[in-house]
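A.B. asks: Shown below is the structure under consideration.
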Amino acid sequence: MNLLLLGGVLLAVAPADTLVLASREYHAALAEWVDFRVEQGHVVQIVEPAVSADLVREQIRESAGGGALRYVVLIGDAPVRQEAGAANAAPGTAPIPYVSSRVNVAWGGAPHIASDNVYADLKGDSAPELSVGRIPCHTAEELRAYLRRVIREERQPLDEQAPRVTVVASSGRFTPFIDSVIEATARQVFRQLIPPRCEVCAIHTTPTSEFYPKTPFRSALLDGLRSRSVAWVYLGHGNSRGLDRLVDEPGQPQMLTHEDLAQLVDGPHPTVAALIACQTGCLDAPEECLAERMLLSPGGPLAVIASSRVSMPYGNSVLGIEMLNLMFRRPLCAGDLCAEAKRRALIEQSDLPLRKTVQQIGLGTSPNPSLLPVEVEEHIQMYNLLGDPLLRVGVETKEASAEREDTPD
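The sequence shown lines up with residues 33 to 441 when you count with our numbering.
Below is the structure:
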């Protein structure tokens, strides 16, 4: 490994492009993964995280000072949020920063958003310069098992078959008009951004929908998670413990919970899961959130993108469009996918026609249209990447390849 052990800290012998912040108890479990990334040409630096988010941010800025740093890997769950201020890191955890909320709190959300994006943002404008991912493990063995799955995935040859995307949607239950607008927009997004050669498997919770499965709903949902695919996308309501209820009545079971994830044994799986829903990625909750358990399940996806707080339709749409658009442009790393999508989402005057459509809908339906840019910015903060930011994701379709070849240098 291109590493130097000095004073109990592993240091890279050349300017690092990858910084790993991991408590000493995790260092041995990282060895195989570090060797794998070094073989690919990366230079990896491993340091122990400081006890607070502010100090960790300084560690990252110091490492980024040389200009080579591109990726940051946080090892360990986030500390549980305390009532007053951000919590200091407990042993085996990595601190998470907080940003104040204006829009989210006005709609019943938390006043502070748990956000690893703060670590990626070197200029203080919310746009990430770095690609950051968190592996929320609790033990060295849990970390080792996850990283071995990543290595095994990347050593497989690229799949020549048509890429598969699974989309699961639940009803919005806002107003009939807003629900119909959201559903119509979602159809447009998937039709325009997913190339024709991709296989799309869609299921919807509404029994009258053409996409309601013929098999029991939970079985159909789990079958999607047990199938090899480029992405598994959920659109709907959720919380830190699971996804929406199948029947909108108190006491009815949720369509997917922690307990269901025990059925994800080692086998085919989605590369990425995007949970476009409230709080499924609440990293600072007292109990493990759904996104964490999904990532660390033996047969779960290798990267999960999820929100730490209450999310809203406009912010979800803008960020979701940018992520889906990038997914089918070219192969790239999970961290780069998230960072580039966030940077593009912050551009108000986008060239994407879908962005313009969504903006007009937002201006017409939002109770406070002037705050739509703030809503997007808060969604940039609340959506975090769980998993290895260096993970290979995305596909290059023939359409995207031809488009790039036709573009003059």
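Ideal Cβ positions, reconstructed from N, Cα and C, are used throughout, including at glycine. Quick caveat: nothing in here was measured; it's all calculated off a predicted structure.
For Gly313 versus Asn416, is the C-beta distance shorter than 8 Å?
C.D. replies: Yes, Cβ-Cβ distance for Gly313 and Asn416 is below 8 Å.
A.B. asks: Put Ser261 into one of helix, strand or coil per three-state DSSP.
C.D. replies: Here Ser261 sits in strand by DSSP.
A.B. asks: Can at least three beta-carbon pairs, one atom from the stretch 157-165 and one from the stretch 365-381, be found at a separation below 8 Å?
C.D. replies: The stretch 157-165 is in contact with the stretch 365-381.
A.B. asks: To the nearest angstrom, how far is the alpha carbon of Asp298 from that of Lys388?
C.D. replies: Computed Cα separation, rounded: 42 Å.
A.B. asks: Run through DSSP, which three-state label would Ser95 get?
C.D. replies: Ser95 falls in the helix class under three-state DSSP.
A.B. asks: Inspect the CB distances between the stretch 397-416 and the stretch 343-363 and report whether three or more fall short of 8 Å.
C.D. replies: As far as the Cβ criterion goes, the stretch 397-416 touches the stretch 343-363, which means the pair count is three or higher.
A.B. asks: For the alpha helix (DSSP H) containing Tyr178, name the first residue and the last one.
C.D. replies: Its alpha helix (DSSP H) spans residues 172-187.
A.B. asks: Could you give the first and the last residue of the continuous alpha helix (DSSP H) run that contains Gly165?
C.D. replies: Run containing Gly165: none in the alpha helix (DSSP H); it sits in the beta strand (DSSP E), 163-167.
A.B. asks: Pick helix, strand or coil for Ala82, following the three-state DSSP scheme.
C.D. replies: If DSSP states are grouped into helix, strand and coil, Ala82 belongs with coil.
A.B. asks: Taking the alpha carbon of Met287 as the reference point, which residue from Leu296, Arg273, Gly141 has its own alpha carbon closest?
C.D. replies: Looking at the Cα atoms, Arg273 is the closest of the given residues.
A.B. asks: Do Pro81 and Leu418 have their C-beta atoms closer together than 8 Å?
C.D. replies: No, the Cβ-Cβ distance between Pro81 and Leu418 is not below 8 Å.
A.B. asks: Looking at the unbroken alpha helix (DSSP H) that takes in Pro345, where does it start and where does it end?
C.D. replies: From DSSP, the alpha helix (DSSP H) with Pro345 extends over 345-359.
A.B. asks: So what does Thr289 bridge to, in DSSP terms?
C.D. replies: Gly274, per the DSSP bridge assignment.
A.B. asks: Are at least three pairs of beta-carbons, each pair with one atom in the stretch 300-318 and one in the stretch 334-343, less than 8 Å apart?
C.D. replies: Flag = yes, the stretch 300-318 and the stretch 334-343 touch.
A.B. asks: Given a cut-off of 8 Å on the beta-carbon distance, is the pair Pro330 and Leu296 in contact?
C.D. replies: Taking 8 Å as the Cβ cut-off, Pro330 and Leu296 qualify as a contacting pair.
A.B. asks: Is it the case that the Cβ atoms of Glu380 and Pro405 are separated by a distance below 8 Å?
C.D. replies: Yes, these two residues count as a Cβ contact at 8 Å.
A.B. asks: Closer than 6 Å by C-beta to Phe243: which residues in its own chain qualify, once you throw out the five before and the five after it? Chain order, please.
C.D. replies: Closer than 6 Å at the Cβ level, and outside the excluded window around Phe243, lie Ala234, Ile235, His236.
A.B. asks: Once you ignore the five residues that flank Cys365 on each side, which residues in its own chain have a CB closer than 8 Å to its CB?
C.D. replies: For Cys365, where only same-chain residues beyond five positions count, the Cβ hits under 8 Å are Tyr103, Ser163, Pro421, Leu422, Leu423, Arg424, Val425.
A.B. asks: Does the distance from the CB of Val112 to the CB of Gln77 come in under 8 Å?
C.D. replies: Against a cut-off of 8 Å, the Cβ pair of Gln77 and Val112 comes out as no contact.
A.B. asks: Going residue by residue through the stretch 217-264, where are the continuous beta strand (DSSP E) segments of at least 3 residues, counting only ones entirely within it?
C.D. replies: The qualifying runs are 231-236.
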